[in-house]
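Just below is one structure, and these are the notes that go with it.
Protein chains: 2
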Amino acid sequence: MKFTIDREEFVQGVQHVNRAISPRSTINVLTGIKIEADTDGLTLIGSDSDISIQSFIPVADEEKEYLQIEQPGSVVLQAKYFVDIVKKLPGDTIEIEVQEQFAATVRSGAVVFNLNGLDPEEYPRLPKLEEDQSFKIPQHLLKDMIRQTVFAVSSQETRPVLTGVNLEIEEGKMTFTATDSHRLAMRSAEVETDASLSLSNIVIPGKSLTELSRIMDDAEDLIEVVVTETQVLFKFDRLMFFSRLLDGKYPVTKNMVPTQTKTDVTLERNDLVQALERALLLSREAKNNVINVKTAGDALIEITSVSAEIGKVQENIEVASLNGEDLRISFNGKNILDALKVIDSDVISIQFTGAMSPFVVRPQDHDQMLHLFSPVRTY
Amino acid sequence: MKFTIDREEFVQGVQHVNRAISPRSTINVLTGIKIEADTDGLTLIGSDSDISIQSFIPVADEEKEYLQIEQPGSVVLQAKYFVDIVKKLPGDTIEIEVQEQFAATVRSGAVVFNLNGLDPEEYPRLPKLEEDQSFKIPQHLLKDMIRQTVFAVSSQETRPVLTGVNLEIEEGKMTFTATDSHRLAMRSAEVETDASLSLSNIVIPGKSLTELSRIMDDAEDLIEVVVTETQVLFKFDRLMFFSRLLDGKYPVTKNMVPTQTKTDVTLERNDLVQALERALLLSREAKNNVINVKTAGDALIEITSVSAEIGKVQENIEVASLNGEDLRISFNGKNILDALKVIDSDVISIQFTGAMSPFVVRPQDHDQMLHLFSPVRTY
Numbered sequence: 129m130k131f132t133i134d135r136e137e138f139v140q141g142v143q144h145v146n147r148a149i150s151p152r153s154t155i156n157v158l159t160g161i162k163i164e165a166d167t168d169g170l171t172l173i174g175s176d177s178d179i180s181i182q183s184f185i186p187v188a189d190e191e192k193e194y195l196q197i198e199q200p201g202s203v204v205l206q207a208k209y210f211v212d213i214v215k216k217l218p219g220d221t222i223e224i225e226v227q228e229q230f231a232a233t234v235r236s237g238a239v240v241f242n243l244n245g246l247d248p249e250e251y252p253r254l255p256k257l258e259e260d261q262s263f264k265i266p267q268h269l270l271k272d273m274i275r276q277t278v279f280a281v282s283s284q285e286t287r288p289v290l291t292g293v294n295l296e297i298e299e300g301k302m303t304f305t306a307t308d309s310h311r312l313a314m315r316s317a318e319v320e321t322d323a324s325l326s327l328s329n330i331v332i333p334g335k336s337l338t339e340l341s342r343i344m345d346d347a348e349d350l351i352e353v354v355v356t357e358t359q360v361l362f363k364f365d366r367l368m369f370f371s372r373l374l375d376g377k378y379p380v381t382k383n384m385v386p387t388q389t390k391t392d393v394t395l396e397r398n399d400l401v402q403a404l405e406r407a408l409l410l411s412r413e414a415k416n417n418v419i420n421v422k423t424a425g426d427a428l429i430e431i432t433s434v435s436a437e438i439g440k441v442q443e444n445i446e447v448a449s450l451n452g453e454d455l456r457i458s459f460n461g462k463n464i465l466d467a468l469k470v471i472d473s474d475v476i477s478i479q480f481t482g483a484m485s486p487f488v489v490r491p492q493d494h495d496q497m498l499h500l501f502s503p504v505r506t507y
Numbered sequence: 129m130k131f132t133i134d135r136e137e138f139v140q141g142v143q144h145v146n147r148a149i150s151p152r153s154t155i156n157v158l159t160g161i162k163i164e165a166d167t168d169g170l171t172l173i174g175s176d177s178d179i180s181i182q183s184f185i186p187v188a189d190e191e192k193e194y195l196q197i198e199q200p201g202s203v204v205l206q207a208k209y210f211v212d213i214v215k216k217l218p219g220d221t222i223e224i225e226v227q228e229q230f231a232a233t234v235r236s237g238a239v240v241f242n243l244n245g246l247d248p249e250e251y252p253r254l255p256k257l258e259e260d261q262s263f264k265i266p267q268h269l270l271k272d273m274i275r276q277t278v279f280a281v282s283s284q285e286t287r288p289v290l291t292g293v294n295l296e297i298e299e300g301k302m303t304f305t306a307t308d309s310h311r312l313a314m315r316s317a318e319v320e321t322d323a324s325l326s327l328s329n330i331v332i333p334g335k336s337l338t339e340l341s342r343i344m345d346d347a348e349d350l351i352e353v354v355v356t357e358t359q360v361l362f363k364f365d366r367l368m369f370f371s372r373l374l375d376g377k378y379p380v381t382k383n384m385v386p387t388q389t390k391t392d393v394t395l396e397r398n399d400l401v402q403a404l405e406r407a408l409l410l411s412r413e414a415k416n417n418v419i420n421v422k423t424a425g426d427a428l429i430e431i432t433s434v435s436a437e438i439g440k441v442q443e444n445i446e447v448a449s450l451n452g453e454d455l456r457i458s459f460n461g462k463n464i465l466d467a468l469k470v471i472d473s474d475v476i477s478i479q480f481t482g483a484m485s486p487f488v489v490r491p492q493d494h495d496q497m498l499h500l501f502s503p504v505r506t507y
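Here the protein sequences come in this chain order: S and E. FYI, the numbering for the first sequence is 129 to 507, going by this note's numbering. FYI, the numbering for the second sequence is 129 to 507, going by this note's numbering.
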């Protein structure tokens, strides 16, 4: 194999596929990046067997020539060093040549690296997916939906299916749901698809979505999502992101959302964020994050929190509206804060259904998102 | 004690004195900030017994009224939470009131914190220093001198005196020296002082200087430095920074600097920085940071580094001048890189005195700084 490539383009491709690679993988060849040159262009692959990322750099596009391939071939180079090496090379182009025993020579400017490569024949093949179940979604919207749900997945392996985000599609509407059984985040959006497409119990590992999100930007362009029994594939212009799906039955969450309300509060999101951040300074120290809220008159709620060691805090927030029964309730303030931080609206509403029942937080300006929380018993 | 204070001014003072506080101090009262209000203003103190920082906020200055003191007094409040609390308070002012049992009430906007305080009588007194040995230096210059030497102190406690920077004054010239016995950094500057002042073996802990540096900015104003047998005090406008000095005899370093040279190289600092960063990618993995340099013709030096696992790198750097004997030498590349990063000049010169002898790196445009290194044997 021998080729010369535009350095910037190569660095970007290497950084993208490196996101899939776990330096501590027990499968030696997966600690490397697979580089494959053929007449169409260069293909880079990184994988930790849960996630695989493939990046393609064409020989040229309308704008520019990226690549000159003198001799096709392939090699696997250790990712841990290779990423830093290509980032620090001095020239505008990089020449890579592989000789016997997968010995690779990397040249750029006055610099020559000789790197020990691995056998590309040992590298596992990427799954081939049948594309009969697929839909399209703008990149920025998918990125938002991930951000607004993935924080709520469970970090505990006791119920593995809860470490993923559940994807459902019904009548052109896609819904993401995440829950760790104490809180639930739900976000939906219209997508471009065949009206007959119906998907349920497609559970994508939270970690995969977090990595996917890091290689996405706020672009308007459509991403194609292909779903099979065991895999999901996100297809970008020059990038393919594969993730395995989680086994198991995701809990039915629709009936969990209360349909009536006893106490209804509307307030500025930022007022609540700041009050919770202050109150959490004390309850974080007590390690339980418990915050107490009570209604205090027509348009005030009182927030308190106590730590035996440090002391206590009490503050009143003016709310835009407060209707229904008087209420005293305690909850995990950090969970609420996590949710408030992904709500982009300035005003939120909270529907309580009693001190011991779950309550719902929503943005006030649209109904595509809700967050559900269990209260905490404090006696 | 009861007072109302400008929040911004108070936050800054609290953050400054907090730099001295170690949350893991075994002396309970030192985990707190001492707050003392009298008719002149408010004094804040933080200390870990090695470093003490005192910040003073006057009742008012020409610009503004900062403080209203209703009742003088003092209290100690736990730093770990107090700093975050005052930063997150919503109002422009903060009211603090201390009642019985050192119970403090902190009010700002609609927020009330009740905090458990500690007895200020238990707080150790700051040292009283006689000001007979003192000099003045511009803040920005002191900050530069710290940055340019403190990285070279030893991190090992086997020779405690090497964990500090040695301060000397002779005929109005101050010199900072730091060494870990493999490398040495030396920086000098003219200071404002009585011509008769002569100081030697004043060893300030590296950690103290690092903390001092963090509260300094690039201002032109003069700082007064007061030196005693066991303590040094840096006096700012409203801040006093005390550090204990290290016991023991600092090694005599003047004779260590070679006076003649066998091979002399002048080159762009940035060319060497980038080549070392690349070469260190491999030798860092081998954990020894060994870089090899050899002269390669009239105006070239060759840099190489090898890792059994990854491979090797070789590159040539064009130098501005190269005089004297041919040379092959190996050294700890990370040590050189640390020094190059604090040299602000674009061009540097290196004086080698043979493959097994110490060599000197200097900026080319002034003689107030030098860095000395031992080579490494590679056979």
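Don't be surprised by glycine CBs; every beta carbon is placed ideally from N, CA and C.
Whether residue i touches residue j by CB criterion (8 Å)
{"i": "residue 207/E", "j": "residue 159/E", "result": "yes"}
{"i": "residue 241/E", "j": "residue 141/S", "result": "no"}
{"i": "residue 239/E", "j": "residue 456/S", "result": "no"}
{"i": "residue 458/S", "j": "residue 506/S", "result": "yes"}
{"i": "residue 170/E", "j": "residue 149/E", "result": "no"}
{"i": "residue 308/E", "j": "residue 281/E", "result": "yes"}
{"i": "residue 332/S", "j": "residue 292/S", "result": "yes"}
{"i": "residue 465/E", "j": "residue 408/E", "result": "yes"}
{"i": "residue 475/E", "j": "residue 396/E", "result": "yes"}
{"i": "residue 268/E", "j": "residue 365/E", "result": "no"}
{"i": "residue 417/S", "j": "residue 462/S", "result": "yes"}
{"i": "residue 139/E", "j": "residue 214/E", "result": "yes"}
{"i": "residue 325/S", "j": "residue 263/S", "result": "yes"}
Buried versus exposed call for residue i [16 or more other C-beta atoms within 10 Å across all chains shown]
{"i": "residue 249/E", "result": "exposed"}
{"i": "residue 446/E", "result": "exposed"}
{"i": "residue 451/S", "result": "exposed"}
{"i": "residue 273/S", "result": "buried"}
{"i": "residue 435/S", "result": "buried"}
{"i": "residue 499/S", "result": "buried"}
{"i": "residue 152/E", "result": "exposed"}
{"i": "residue 260/S", "result": "exposed"}
{"i": "residue 380/S", "result": "exposed"}
{"i": "residue 334/E", "result": "buried"}
{"i": "residue 271/S", "result": "buried"}
{"i": "residue 363/E", "result": "buried"}
Pick from the options that is closest to residue i, judged by C-alpha positions
{"i": "residue 477/E", "options": "441/E, 408/E, 400/E", "result": "400/E"}
{"i": "residue 144/S", "options": "264/S, 321/S, 220/S, 368/S", "result": "368/S"}
{"i": "residue 204/E", "options": "253/E, 387/E, 360/E, 247/E", "result": "247/E"}
{"i": "residue 421/S", "options": "259/S, 393/S, 287/S, 162/S", "result": "393/S"}
{"i": "residue 384/S", "options": "493/S, 216/S, 231/S, 485/S", "result": "485/S"}
{"i": "residue 228/E", "options": "244/E, 235/E, 236/E", "result": "244/E"}
{"i": "residue 432/S", "options": "404/S, 278/S, 426/S, 448/S", "result": "404/S"}
{"i": "residue 323/S", "options": "297/S, 137/S, 149/S, 309/S", "result": "297/S"}
{"i": "residue 460/S", "options": "410/S, 364/S, 214/S", "result": "410/S"}
{"i": "residue 327/S", "options": "343/S, 312/S, 360/S", "result": "360/S"}
{"i": "residue 286/E", "options": "474/E, 181/E, 487/E, 376/E", "result": "376/E"}
{"i": "residue 415/S", "options": "172/S, 437/S, 219/S", "result": "437/S"}
{"i": "residue 191/S", "options": "137/S, 355/S, 325/S, 348/S", "result": "137/S"}
{"i": "residue 490/S", "options": "386/S, 358/S, 412/S, 189/S", "result": "386/S"}
{"i": "residue 177/E", "options": "413/E, 200/E, 358/E, 382/E", "result": "358/E"}
{"i": "residue 194/S", "options": "168/S, 175/S, 390/S, 378/S", "result": "168/S"}
Whole-Å CB distance - residue i paired with residue j, under 8 Å assumed
{"i": "residue 468/S", "j": "residue 444/S", "result": "Contact doesn't hold; Cβ gap of about 18 Å is too wide."}
{"i": "residue 265/S", "j": "residue 294/S", "result": "In fact, because the Cβ distance is near 16 Å, the residues do not count as touching under 8 Å."}
{"i": "residue 497/S", "j": "residue 275/S", "result": "Contact flag wrong, Cβ pair sits at about 11 Å."}
{"i": "residue 301/E", "j": "residue 318/E", "result": "6 Å"}
{"i": "residue 163/S", "j": "residue 371/S", "result": "Residue 163/S to residue 371/S, Cβ: 22 Å. No contact."}
{"i": "residue 258/E", "j": "residue 356/E", "result": "7 Å"}
Closer than 7 Å: residue i CB and nearest the ligand GTP heavy atom
{"i": "residue 429/E", "result": "Among the ligands in the structure shown, none appear at all, so the ligand GTP cannot be discussed."}
Quiz item: Below 8 Å, can you find three or more Cβ-Cβ pairs linking the segment 129-141 of chain E to the segment 223-237 of chain E?
Solution: yes
Quiz item: Is there contact here, the segment 249-260 of chain E with the segment 332-341 of chain E, by at least three beta-carbon pairs under 8 Å?
Solution: no
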